[in-house]
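Asker:
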Amino acid sequence: MPEGHVIHRLTARLLADFGGYSLEVLSPQGRFADSAELLSGLQITGSSSWGKHIFIKFGEEPDELARWLHVHLGLYGKWRFYPLDVFGNPPAPKGEIRLRLVGREEVADLSGPTRCAVVSYDEVLDVLKRLGPDPLVNHPADRAEFIRLVRARKRAIGELVMDQSVVAGPGNIYRAECLFRVGISPFRKGSNISEKRLGLLWDDLRAGLLDGLETGFISTMLEEDLRAEDPEDVEAQRFYVYHRTGRPCLRCGSMVAEQLMQNRRLFWCPGCQR
Ligand SMILES: [Zn+2]
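Residue numbering for the sequence shown follows the working numbering, starting at 4 and increasing by one per position.
(1) Got a sec? Which residues, its chain only, sit under 6 Å from Val3 by beta carbon, not counting five neighbours each side?
(2) Taking the alpha carbon of Val169 as the reference point, which residue from Gly256, Phe84 and Asp145 has its own alpha carbon closest?
(3) Beta-carbon within less than 7 Å of Leu152's beta-carbon, same chain only, minus the 5 sequence neighbours each way: which residues are those?
(4) Starting from Ala176, trace the alpha helix (DSSP H) both ways and give me its first and last residue.
(5) Let's see if you can read the secondary structure: which residues bound the beta strand (DSSP E) around Glu1?
(6) Excluding the 5 residues flanking Glu67 on each side, which residues of the same chain have their C-beta closer than 6 Å to its C-beta?
(7) Where in the stretch 72-129 do unbroken runs of the beta strand (DSSP E), each at least 3 residues long, occur, reported from the N-terminal end onward?
(8) Using the Cα positions of Ala179 and Ser25, report the straight-line distance between them to the nearest angstrom.
(9) In whole angstroms, give me the CA-to-CA distance for Leu182 and Arg209.
(10) Counting pairs of beta carbons, one from the stretch 153-165 and one from the stretch 191-205, are three or more of them closer than 8 Å?
(11) Excluding five sequence neighbours on each side, which residues of the same chain lie with their C-beta closer than 7 Å to the C-beta of Val122?
(12) DSSP three-state label for Ser51, please.
(13) Is the stretch 79-99 in contact with the stretch 198-215, if contact means three or more CB pairs nearer than 8 Å?
(14) Using alpha carbons as the reference points, say which of Gly211, His142, Val89 and Ser197 lies closest to Gly174.
(15) Taking the alpha-carbon positions, what's the Pro31 to Phe61 distance?
(16) Using the C-alpha atoms, what's the distance from Gly186 back to Leu269?
(17) Regarding Cys181 and ligand 1, is the C-beta to nearest heavy atom distance less than 7 Å?
(18) Quick one: is Asp88 buried, meaning 16 or more other Cβ sit within 10 Å of its Cβ, or exposed?
(19) If we ignore side chains and look at the alpha-carbon of each, how far apart do Asp207 and Gln167 end up?
(20) Would you check if the distance between the CB atom of Tyr243 and the CB atom of Thr218 is smaller than 8 Å?
(21) Between which two residues does the beta strand (DSSP E) holding Glu3 run?
(22) Just to confirm before moving on: does the CB-CB distance between Thr248 and Glu227 stay below 8 Å?
(23) Taking the straight line between their C-alpha atoms, what separation do you get for Val110 and Phe90?
(24) Identify whether Val28 lies in helix, strand or coil by the three-state DSSP scheme.
(25) For Gly60, list the residues DSSP reports as bridge partners.
(26) Excluding the five sequence neighbours on either side, which residues of its own chain have a C-beta within less than 6 Å of the C-beta of Val105, listed in chain order?
(27) When you measure from the CB of Gly274 to every non-hydrogen atom of ligand 1, does any distance come out below 7 Å?
(28) Indicate whether Leu17 and Ser50 have their beta-carbon atoms separated by less than 8 Å.
Structure (structure tokens):
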């Protein structure tokens, strides 16, 4: 599943490339045909993302009166972009395309989303109410809210970082890497972690996601830990613990460990994380 930075990049791209002119909206697969008709001919006039949710505003009315497209990719959803041909025609759809936006120079095809629906602004707000703060949005009170939400819970922090109602955006890679970078054991209960350490975790999640947002690529290794003489390949230098099971920790030499936590693979260093 893409993590929050990918969603923010997609949202920005949809507005930049498809916004500001009347769009043709189709559902080649047919499942979204009625809704596509509601949007076709309108302009995209805004976009916003929160965690893993994408909201695209259609029409020039105020927010409350506009139509909103709500998309959540889930585990299998994908946006794919294809250029129009030399005659300005879109390519034939490949596979089951729920939604197609036909732009001036390219098409955006959405397949396999968990959620793809035209909703009202009130429904957008309802979704946002269920989500925790997003480190990429980082409103002034969000850091304190994250600390409060975690400390109010007795569940393991490794679970809480993946719980979108506690913090929206991070997925499995940022969970493993940010907990490692701030030295918190994924098994420590939220209520047993100091405010100071949770503040550092928020800052680190934000830093990681921002870096991913900028580069479109997740690499969490800090400069000071890169070693040119490392015999491992470049891929192995992207992460500290993610997919490094059984290899020595780059900081302390302990063996990186792995187990399932809520059915997702969890990686951590028993030596560095307390
Ligand atoms: Zn270690």
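Note that the Cβ used here is the ideal one computed from N, Cα and C, for glycine as well.
Answerer: Inspection of the coordinates gives the following:
(1) For the chain, the structure presents residues 4 to 277; residue 3 sits outside this window and is missing.
(2) Asp145
(3) Gly135 and Val169
(4) One point to set straight first is that residue 176 is Ile, not Ala, in the sequence displayed. Per DSSP, Ile176 belongs to the alpha helix (DSSP H) from Asn175 to Val185.
(5) Outside the displayed span of the chain (4 to 277) sits residue 1, for which this structure offers no information.
(6) Tyr124
(7) 81-86, 102-105, 109-114 and 118-122
(8) 43 Å
(9) 12 Å
(10) yes
(11) Trp71 and His73
(12) strand
(13) no
(14) Gly211
(15) 20 Å
(16) 15 Å
(17) no
(18) exposed
(19) 17 Å
(20) no
(21) Because the chain spans 4 through 277 in this model, residue 3 falls outside it and cannot be assessed.
(22) no
(23) 14 Å
(24) strand
(25) Reading the sequence as shown, one finds Lys at residue 60 and not Gly. DSSP output for Lys60 lists Gly49 and Trp71 as bridge partner(s).
(26) Glu27 and Pro93
(27) yes
(28) yes
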